Amino acid sequence: MPDRIILQVSRYRPERELEPTTQEYEIPLREEWAVLDGLNHVKDKLDGTLSYRWSCRMGICGSCGMTVNGEPRLTCATFLTDYSPGPIRIEPLQNFPVIRDLVVEIGDFMRKLPQVKPWLVRGEDAAAPQGELLQTPSELDDYKQYSMCINCMLCYSACPIVGLEEDFLGPAAIALAQRYNLDSRDEGAHERMNVLSTAAGVWGCTFVGECTEACPKGVDPAGAIQRYKLTAAAESLRSFLLPWRSA
Amino acid sequence: MSVRYTEFHPRWYRPPMSVFWWAHRRSYLIFVLRELSSIFTAWSVVFLLLLVHAVSQGGKQYRQFLDLSSNPWMLALNVITIAFLVFHAITWFNLAPQAMVVRLRGNRVPRSWVSYAHYAAWALLSALVAWLILR
Amino acid sequence: MAKRRAEPLVWLLFSSGGLVAALLLPVLMVLFGVVLPAGWVSAPTEAHLLSLARNPLTRIVLLGLCVLALFHWAHRFRYTLYDGLRLKHLSKLIIVGCYGGALVGSGLAVYLLLVAL
Chain R
20 MPDRIILQVS RYRPERELEP TTQEYEIPLR EEWAVLDGLN HVKDKLDGTL
70 SYRWSCRMGI CGSCGMTVNG EPRLTCATFL TDYSPGPIRI EPLQNFPVIR
120 DLVVEIGDFM RKLPQVKPWL VRGEDAAAPQ GELLQTPSEL DDYKQYSMCI
170 NCMLCYSACP IVGLEEDFLG PAAIALAQRY NLDSRDEGAH ERMNVLSTAA
220 GVWGCTFVGE CTEACPKGVD PAGAIQRYKL TAAAESLRSF LLPWRSA
Chain C
510 MSVRYTEFHP RWYRPPMSVF WWAHRRSYLI FVLRELSSIF TAWSVVFLLL
560 LVHAVSQGGK QYRQFLDLSS NPWMLALNVI TIAFLVFHAI TWFNLAPQAM
610 VVRLRGNRVP RSWVSYAHYA AWALLSALVA WLILR
Chain V
153 MAKRRAEPLV WLLFSSGGLV AALLLPVLMV LFGVVLPAGW VSAPTEAHLL
203 SLARNPLTRI VLLGLCVLAL FHWAHRFRYT LYDGLRLKHL SKLIIVGCYG
253 GALVGSGLAV YLLLVAL
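Residue numbers (our numbering), protein chains in the order written: chain R, 20 to 266; chain C, 510 to 644; chain V, 153 to 269.
See below:
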């Protein structure tokens, strides 16, 4: 195994260039190093001006998402040896504006997420609960998968509709809406439908499925979206055929 | 929405999305081919309606239709059509489990079973239709 | 409001159309598109096909297949044009062309299967 590898890193310094450029760094190729370790080596030893986000380095904070050799990956969960002998191309996450180097602007997602009310919604006239709201293990299983989302945005990077449609809510937001819709303690499914059953909601999705491929936590947002399409369509059909029956 | 770029809010770089975005990744290309299969679905409907019309018009029309269908260009088109129809069917049956959660006596039916059930239905219906037509 | 309610219902047509198209079109196209014209199997007599087609169950199944498969094409093609060729700005034209086309085809199917047969 060679002991060095080249990283081709996208640089963007708005104060002196209009478009990103590529800078090459040669780093040690250590068997146990993730791409993030490589970037940290660059910043510590080679070029302190390189800007990128990272935090937990163990796949739970969702900060270190970048495009590695064209694929959206968590750099803390992607190993240098997987790309040996290299070179490895590291670019910022696709479908987001680039602030600097590998740092992207995720304000769009931060504005879209609250629209789906990702919290437990209880009925207006429900009395304050006496003690905890109980839930069986099987009720937990109904939504647990969708609660694994770490908001890393890899799914947004993988989804072409996010790049094409500015208003599209996106995979993670819809999966998180489903996490609450399917939670037995939640009573807000009807409220969320106004946001989800729209062209900017689930109907913009054409089931490309790349979001599920990219997700590092096994959330399967594509499945969440298709399941919701069925739910919303059944509700539309019911209200069309039996308009007198309340939801 | 106009943004005033300042020293403390420098210009963001917004990469443009090419019209040919679907050609840049293999998974996107396969997706677009899957979507284009709908054109061959529509052609199949047209072809079958032409067949129904020919059959209803009498023996001469039916034989003319068979002759037209055996033209090499028509055969080639229909071979390609069948390839796309099969591609549509396979992708549809493989994706079905992701879209539907089936419960049997409270337990979730394994994903593979949902796919197998679709393939089984496909095989049975195809056999039935072939038998009805060829007997 | 009507536009909002239409999208889920039209998706249901697309979805059921995709299913029936996947289940029935391959065998029909293999037989009538390749096997019979190529003469690999002797073609059924015109009388047999006519009696088969005239059967009310066959008519209904074929009608359902044609209508649903056409609307499946309409919906899928509409989004292929929006996303694949970035023609969303022509959406009104595309909607009329796609669903209108499916309606015309459905009308033809009704005539050919229920009236002229």
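Each residue gets a CB set at the ideal place from its N, CA and C atoms; glycine is no exception. From a predicted model like this one, the values you see are computed outputs, not experimental measurements.
Just the Cα atoms here: how many angstroms apart are residue i and residue j?
i, j, result
"residue 635(C)", "residue 214(V)", "14 Å"
"residue 263(R)", "residue 257(R)", "10 Å"
"residue 630(C)", "residue 181(V)", "18 Å"
"residue 181(R)", "residue 638(C)", "42 Å"
"residue 114(R)", "residue 605(C)", "28 Å"
"residue 249(V)", "residue 613(C)", "43 Å"
"residue 250(R)", "residue 548(C)", "28 Å"
"residue 543(C)", "residue 232(V)", "10 Å"
"residue 219(V)", "residue 566(C)", "22 Å"
"residue 556(C)", "residue 193(V)", "20 Å"
"residue 237(R)", "residue 209(R)", "27 Å"
"residue 46(R)", "residue 40(R)", "19 Å"
"residue 536(C)", "residue 545(C)", "14 Å"
"residue 624(C)", "residue 174(R)", "25 Å"
"residue 223(V)", "residue 225(R)", "16 Å"
"residue 119(R)", "residue 538(C)", "31 Å"
"residue 259(V)", "residue 220(R)", "32 Å"
"residue 167(V)", "residue 235(V)", "19 Å"
"residue 521(C)", "residue 615(C)", "51 Å"
Report the three-state DSSP secondary structure of residue i (helix, strand or coil).
i, result
"residue 217(R)", "coil"
"residue 299(R)", "Look at the range of chain R in this structure, 20 to 266, and you will see that residue 299(R) is not part of it."
"residue 59(R)", "helix"
"residue 571(C)", "helix"
"residue 518(C)", "strand"
"residue 47(R)", "strand"
"residue 98(R)", "strand"
"residue 93(R)", "strand"
"residue 153(V)", "Note on residue 153(V): pLDDT 48, under 50, position unreliable in the model; the coordinate value appears next. Residue state, collapsed to three classes: coil."
"residue 615(C)", "coil"
"residue 553(C)", "helix"
"residue 23(R)", "strand"
"residue 30(R)", "strand"
"residue 532(C)", "helix"
"residue 173(V)", "helix"
Anything in chain V within Cβ reach of residue i, meaning under 7 Å, just list it in chain order.
i, result
"residue 263(R)", "Ordered by position in chain V, no residue passes the 7 Å Cβ test against residue 263(R), which lies about 16 Å from the chain."
"residue 255(R)", "157, 160 and 161"
"residue 587(C)", "181, 185 and 186"
Could you tell me how far apart the beta carbons of residue i and residue j are, in whole angstroms, since I believe they sit closer than 8 Å?
i, j, result
"residue 261(V)", "residue 558(C)", "6 Å"
"residue 78(R)", "residue 240(R)", "The Cβ separation is near 17 Å, so there is no contact."
"residue 553(C)", "residue 586(C)", "About 11 Å; that fails the 8 Å criterion."
"residue 323(R)", "residue 27(R)", "The question about residue 323(R) has no answer, for chain R in this structure spans 20 to 266."
"residue 140(R)", "residue 71(R)", "Not confirmed; about 37 Å, so no contact."
"residue 225(V)", "residue 551(C)", "4 Å"
"residue 154(R)", "residue 204(R)", "6 Å"
"residue 212(R)", "residue 143(R)", "Wrong, their Cβ atoms sit about 17 Å apart, outside the cutoff."
Buried or exposed for residue i, going by 16 or more other Cβ atoms inside 10 Å?
i, result
"residue 227(V)", "buried"
"residue 529(C)", "exposed"
"residue 87(R)", "buried"
"residue 153(V)", "Low local confidence applies: a pLDDT of 48 at residue 153(V) is under 50, so the model's placement there is unreliable, with the coordinate-based value given in what follows. Label assigned to residue 153(V): exposed."
"residue 197(V)", "exposed"
"residue 589(C)", "exposed"
"residue 517(C)", "exposed"
"residue 37(R)", "exposed"
"residue 11(R)", "Chain R is shown only over 20 to 266; residue 11(R) falls outside these bounds and no answer can be derived."
"residue 601(C)", "buried"
"residue 174(V)", "buried"
"residue 201(R)", "buried"
"residue 240(V)", "exposed"
"residue 75(R)", "exposed"
"residue 34(R)", "exposed"
"residue 515(C)", "exposed"
"residue 256(V)", "exposed"
"residue 151(R)", "exposed"
Run through chain R and tell me which residues come within less than 8 Å of residue i, C-beta to C-beta.
i, result
"residue 163(V)", "222, 248 and 252"
"residue 156(V)", "216 and 217"
"residue 231(V)", "225"
Mind listing the chain V neighbours of residue i? Cutoff is C-beta to C-beta under 9 Å, in chain order.
i, result
"residue 645(C)", "Because chain C is modelled from 510 through 644, residue 645(C) falls outside the range shown and cannot be assessed."
Mind listing the chain R neighbours of residue i? Cutoff is C-beta to C-beta under 9 Å, in chain order.
i, result
"residue 540(C)", "179, 225, 226, 227, 228 and 229"
"residue 546(C)", "Going along chain R, no residue has its Cβ under 9 Å from residue 546(C), so there is no contact; the nearest lies around 13 Å."
Counting only beta-carbon separations shorter than 8 Å, does residue i have a partner in chain A?
i, result
"residue 624(C)", "The chain labelled as chain A is not found among the protein chains of the depicted structure, namely R, C and V."
Going along chain C, which residues have a C-beta under 7 Å from residue i?
i, result
"residue 25(R)", "Correct list: empty, because the minimum Cβ distance to chain C is about 23 Å."
Which chain V residues sit within Cβ distance under 8 Å of residue i?
i, result
"residue 571(C)", "198 and 201"
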